[in-house]
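Chains as they are written, first to last, in the numbering used here: chain A, 1 to 294; chain B, 1001 to 1277.
We put the CB at the ideal spot given by N, CA and C, even for glycine.
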Ligand SMILES: Nc1nc2c(ncn2[C@@H]2O[C@H](COP(=O)(O)OP(=O)(O)OP(=O)(O)O)[C@@H](O)[C@H]2O)c(=O)[nH]1
Ligand SMILES: Nc1nc2c(ncn2[C@@H]2O[C@H](COP(=O)(O)OP(=O)(O)OP(=O)(O)O)[C@@H](O)[C@H]2O)c(=O)[nH]1
Ligand SMILES: [Mg+2]
Ligand SMILES: [Mg+2]
């Protein structure tokens, strides 16, 4: 683990007296390697290491009798600051139904998350409505309908011949008409570089004015996470992120990259395929940090 | 990179950055950079354009020669498709079926994902589009028994190819990996040499975790080829270099979109070009 590897670099720091660029380079190299192996973006890693270096060579460590402890503390602090505060809740609309729109790349886990959110909202005493706005993927509507049945949540669908923008708009009317105080819009997976489909999301946002727009990201995403998050955020101004497939062993460095480039909170993590309450957890920044550090 | 620049540490660092940002990974990048530095020294190179060709040849060395997916006369030639959740298995099977049918083969597909909501319906639509026949199990069928029945159906109907879809699964779930091994064994018992082709489908956006996926899936059922999907995005899929080195299976196909014909043979040279595009 990184802390084991750091122990040996720290041993070399003991008795070195003043910390210099030279004698902390081993330590910085170990942290850098850990980050890159954990899929943290290259540039994000570089900036992070740079901040560690500046602080390590600065006043707070100067003259310390235990520089290695200071550096460990600095790494921990910088990581916590980057990872963000404790999980933020999903905002509730001040009036009218709370509309949550899910977006993300193909296969990220949106439809599964939609059902899990419906379950969570029901447990909180709310009355959710699931919306089948993916008219492209074969059997996408059927998939959501089956999940709706499993979670005893009604699914609003207008088939595959109506535009997702119209479906989304109609779903809010439906919610108002039938007393649903929560609307969860499942959208089709799309590339952040697909102009037409990104424009479709912008149009849904404009028509429906969602209370929350959540970017769904696969925890095993590599260096590209930064591009995806940046584009979705620029186009839609997302309110938060949900990391999926966290029940695997991907270190999840994408979380750091996404936090760095969007400054938006990671609200939940999805930890399993089953649609059950336990499979959607609140995000814990310290747990994510130690997972990334390995 | 190609413009006439001197080969210096700055250039080396820029190359390292490109490789890492392409998901090539730390170890593989270090190996590549060592090999490149060695050749720069031994060949006395000084210009960046010379460096570019050395770098590309070193990556191609690691990737090996291009190995296309070939249908052999096994009646049926059986192809098992596996990989983690959402990688693109079902969609890739639709594309493969379409390609084989265009080549004049008779194709049967087995709905081996009996777990996920609407998995069989999704596959059914793809088979319809491709012109392939789908073999589904009854309610609550076991994947292994669906596959067993599909092999018999394929023999009976004189199919040239049988493609087996499986449920997505994380390699960290031992019971699910055991289920895959069982499917492999059942196939072998139902038809000599089956599965003749075992394709690991890897999402092009995945990072270093693909290495673990490849290793564990390979232990469950020996992989004969890799398919990298979603390369129509901005991810480079550089992790396949390490995957190839780890399990010795060549990348045979790439997915470049969500339509029936969005499948291409993997070409190492094009892949390397794209890394530095
Ligand atoms: N193990 C695990 N699997 C998950 C998780 N979330 C989703 N999945 C699986 O990932 C696959 C893709 O999930 P979907 O919900 O269909 O993903 P999607 O984003 O809606 O996909 P598209 O609509 O095609 O873009 C399915 O096999 C899910 O069961 C998770 O947290 N853990
Ligand atoms: N852009 C793009 N999308 C792809 C590609 N291949 C698959 N997809 C999309 O990725 C999503 C997941 O594809 P599936 O075929 O359902 O993946 P899977 O591996 O069968 O998923 P599970 O069975 O749930 O594990 C779908 O939205 C596909 O349309 C590709 O090459 N490019
Ligand atoms: Mg979906
Ligand atoms: Mg599938």
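Item: Distance, residue 224(A) Cα to residue 1005(B) Cα; Value: 28 Å
Item: Interface residues of chain A facing residue 1085(B) [CB-CB closer than 8 Å]; Value: 107, 109, 245, 273
Item: Neighbourhood of residue 1116(B) by C-beta, 8 Å cutoff - its chain only, sequence neighbours within 5 removed; Value: 1167, 1168
Item: Every unbroken alpha helix (DSSP H) within the stretch 42 to 68 of chain A, with a cutoff of 4 residues, ordered by chain; Value: 42 to 56
Item: Whether residue 1237(B) touches residue 1027(B) by CB criterion (8 Å); Value: no
Item: Same chain, Cβ closer than 7 Å to residue 258(A), neighbours up to 5 away in sequence not counted; Value: 217, 225, 229, 241
Item: Short CB-CB distance (under 8 Å) between residue 1206(B) and chain A; Value: yes
Item: Under 8 Å from the C-beta of residue 218(A): neighbouring residues of chain B; Value: 1086, 1203, 1205, 1206
Item: Chain B contact residues for residue 44(A), given Cβ-Cβ distances below 9 Å; Value: What residue 44(A) touches in chain B: nothing, since even the nearest Cβ is about 11 Å away.
Item: Alpha-carbon to alpha-carbon, residue 1102(B) and residue 1192(B); Value: 26 Å
Item: Near-chain A residues of the stretch 1208 to 1233 of chain B (beta-carbon distance less than 9 Å), N- to C-terminal order; Value: 1208, 1209, 1210, 1212, 1213, 1229, 1230, 1232, 1233
Item: Residue-level contact to chain B via CB, residue 154(A), 8 Å cutoff; Value: no
Item: Of the residues 12(A), 206(A), 238(A), 284(A), the one placed nearest residue 252(A), counting alpha carbons only; Value: 284(A)
Item: Assigned secondary structure, residue 249(A) (DSSP; H/G/I helix, E/B strand, else coil); Value: coil
Item: Identity of the residues DSSP links to residue 156(A) by a beta bridge; Value: 131(A)
Item: is_contact[residue 239(A), chain D] using C-beta, thresh 8 Å; Value: Of the protein chains in the structure, A and B, none is chain D.
Item: Strand pairing of residue 1111(B), partner residues [DSSP]; Value: 1165(B)
Item: Listed by chain order, chain A residues near residue 1022(B) by CB distance under 8 Å; Value: 223
Item: DSSP beta-bridge partners of residue 187(A); Value: 133(A)
Item: Helix, strand or coil at residue 1099(B) [DSSP, three-state]; Value: helix
Item: Whole-angstrom distance between residue 19(A) and residue 58(A), CA atom to CA atom; Value: 9 Å
Item: Length at least 4, wholly inside the stretch 1048 to 1104 of chain B: the alpha helix (DSSP H) runs in chain order; Value: 1048 to 1063, 1089 to 1102
Item: For residue 13(A) and residue 190(A), the rounded distance between their alpha carbons; Value: 49 Å
Item: Neighbouring residues (CB closer than 7 Å to any heavy atom of ligand 3); Value: 110(A), 111(A), 134(A), 137(A), 140(A), 143(A), 186(A), 188(A), 189(A)
Item: Residues whose Cβ lies closer than 5 Å to any heavy atom of ligand 4, in chain order; Value: 1089(B), 1090(B)
Item: Residue 227(A): CB within 7 Å of a non-hydrogen atom of ligand 2; Value: no
Item: Candidates 1197(B), 1233(B), 1250(B), 1134(B), of which the one nearest residue 1094(B) by Cα; Value: 1134(B)
Item: Nonlocal neighbours in the same chain, by C-beta distance under 8 Å from residue 120(A), ignoring five residues either side; Value: 277, 280
Item: Residue 1179(B) CB to nearest heavy atom of ligand 1 below 7 Å; Value: no
Item: Any non-hydrogen atom of ligand 1 closer than 7 Å to residue 246(A) Cβ; Value: yes
Item: Through-space distance from residue 76(A) to residue 96(A), alpha-carbon basis; Value: 42 Å
Item: Contacts around residue 1180(B), its chain only, beta-carbon distance under 8 Å, and the 5 residues preceding and following it disregarded; Value: 1082, 1166, 1169, 1217, 1220, 1221
Item: Residue 1105(B) to residue 1077(B) span [Cα, whole Å]; Value: 10 Å
Item: Residue 1006(B) - partner residues in DSSP beta bridges; Value: 1047(B)
Item: Pick from 1014(B), 1007(B), 1021(B) that is closest to residue 1207(B), judged by C-alpha positions; Value: 1021(B)
Item: Contact set between the stretch 133 to 158 of chain A and chain B, restricted to residues whose Cβ is under 7 Å from the partner; Value: 138, 139, 142, 143, 146, 147
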